[in-house]
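Since the structure comes first, as structure tokens, the remarks are kept for the end.
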Amino acid sequence: MKTYRDFDRYQKEFPNEEGYFGQYGGAFLPPQLVPVFEDIAASYQEICHSAKFINELRRIRKEFQGRPTPVYHCERLSKHLGKTQIYLKREDLNHTGAHKINHCMGEGLLASFMGKKKIIAETGAGQHGVALATAAAYFGLECDVYMGEVDIAKQHPNVVRMKMLGANVIPVTHGLKTLKEAVDAAFEAYMKEYEDAIYCIGSVVGPHPFPLMVRDFQAVIGYEARDQFYEMTGIKPDTVCACVGGGSNAMGLFQAFLSEPVEIVGVEPLGRGGEIGDHAASMQFGTKGILHGFESMLLQDEKGEPLPVYSIASGLDYPSVGPEHAYLRECGRVQYDSITDEEAMEAFFLLCRYEGIIPAIESSHALAYAIRRARTQDSGSILVNLSGRGDKDIDYIYEKYGTGEQFFK
Ligand SMILES: *Cc1c(COP(=O)(O)O)cnc(C)c1O
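The opening position of the sequence shown corresponds to residue 4 in the numbering used here, with each subsequent residue numbered one higher.
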């Protein structure tokens, strides 16, 4: 069992050169892509330490994204729940409304520094596609986003956004026509175009060096939040928590707290419950396995095929999780818990009514965990990463839950 005292040199030592966090991570690739990913890793190692890159990224974050995002004390909500104080890191106030822009701008800047002309990606619900299309427009890069036909029909507003931003949305028409097929199609395209293009991943997942790069780009969340919280309160938070889909917003928050005496909790979606196909809690129910070019905790059948997953939050329904999370769980530094659809919806409506903030359904999972804790402990503070705003979710929620009266009886 490792404690915060073991994490002084952690960022320097993890991942290792092959991209492993303990036994998780790596790069499982078709042979012709091995040198391509090695080139990305080597370029990143060189570029990320250059003053030019660091200064440019700082400027973009401040002038384009609107960073630093604030930390906010939820006084009314905390009082309603009891004595525990809930704070939010407001990643919903980023340009485009969520944390994904943090790593998309980093990946776009890296693509420019590497002299690439195009960025290629897949998207499921379209959130990653929109953030990446934004970055592509900013840097003047071409952008091909592969998206399953089923998702294109479901996520119409995001498809329109991507097109308005100048991206090519390429429908994927084989198999189940959703995220898995879109990943395959994006990889196939990348194999033909890697000289001019770079593949951009939407979370701390995929082959090395993506879990490392995306973590580094998202770490700004935690470093800002730690200083802001200290400035507001003069102490450290007792607990920090964030929702975990692939795990990028959580990993971004956690980095700054790994070597601090702070409890860290990742929150997975328990959906409708613990049966196969009802949730996407890969830490709770998964086993070690390989998907999309990396090894981590995976919801899989006996043959190693990914199992169907579900969550009310489309940004959380992924059958695996970033390899760094798998490592941090195994060594005991980070705890993982899960939240059902209903608990997340209650949290969503409480934040609307008590604080005037409409959160993303994904972020509502992290908030629901903080609410559960606030109801069961009688002191302390919890800092929640509010990864995104809920505008994208309100039509669906209004149809299914109305204005949430059932949660206020
Ligand atoms: C995509 C998304 C998530 C899940 O992604 P992570 O990589 O786990 O952070 C969470 N919240 C919002 C608002 C998202 O758009």
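For glycine and all other residues, C-beta sits at the position ideal for the given N, C-alpha and C.
- Contact annotation: leucine 370 and alanine 350 have beta-carbon atoms nearer than 8 angstroms.
- Apart from sequence neighbours up to five positions away, the residues of its chain that approach valine 175 with a beta-carbon distance below 6 angstroms are Tyr149, Gly151, Glu184, Ala185 and Ala188, ordered along the chain.
- Taking a 10 Å sphere around the C-beta of tyrosine 202, we find 16 or more other C-beta atoms and assign the residue as buried.
- Under the three-state reduction of DSSP output, tyrosine 197 falls in the coil class, being neither helix nor strand.
- Proline 240 sits away from isoleucine 342, with the two beta carbons spaced by 8 angstroms or more.
- Under the three-pair Cβ rule at 8 angstroms, the region 295-311 counts as touching the region 319-338.
- Between alanine 377 and serine 81, the CB-CB gap stays under 8 angstroms.
- When DSSP states are grouped into helix, strand and coil, methionine 167 belongs to the helix group.
- Three or more beta-carbon pairs drawn from the region 290-299 and the region 204-214 are found closer than 8 angstroms, and the two stretches are therefore classed as touching.
- Separation of methionine 4 and arginine 164 (C-alpha to C-alpha, rounded to the nearest whole angstrom) is 46 angstroms.
- What you get when you keep residues with a C-beta closer than 5 angstroms to any heavy atom of ligand 1 is Ala101, Gln130, Ser206, Gly248, Gly249, Gly250, Ser251, Asn252, Gly318, Ala363, Glu365, Ser390 and Gly391.
- In the DSSP assignment, threonine 290 forms a beta bridge with Leu301.
- A direct Cα-Cα distance of roughly 22 angstroms separates alanine 101 from glycine 143.
- For methionine 150, the enclosing beta strand (DSSP E) stretches over residues 145-151.
- Residue range 266-274 is occupied by the beta strand (DSSP E) that includes glycine 274, with no alpha helix (DSSP H) assigned at that position.
- Boundaries of the alpha helix (DSSP H) harbouring asparagine 252: 251-257, taken from the DSSP string.
- Leaving aside the five residues that flank glutamate 227 on each side, the residues in its chain whose CB is nearer than 6 angstroms to its CB run, in chain order, Pro71.
- Scanning Phe17, Ile155, Phe24 and Gly29 for the CA closest to the CA of leucine 294 turns up Gly29.
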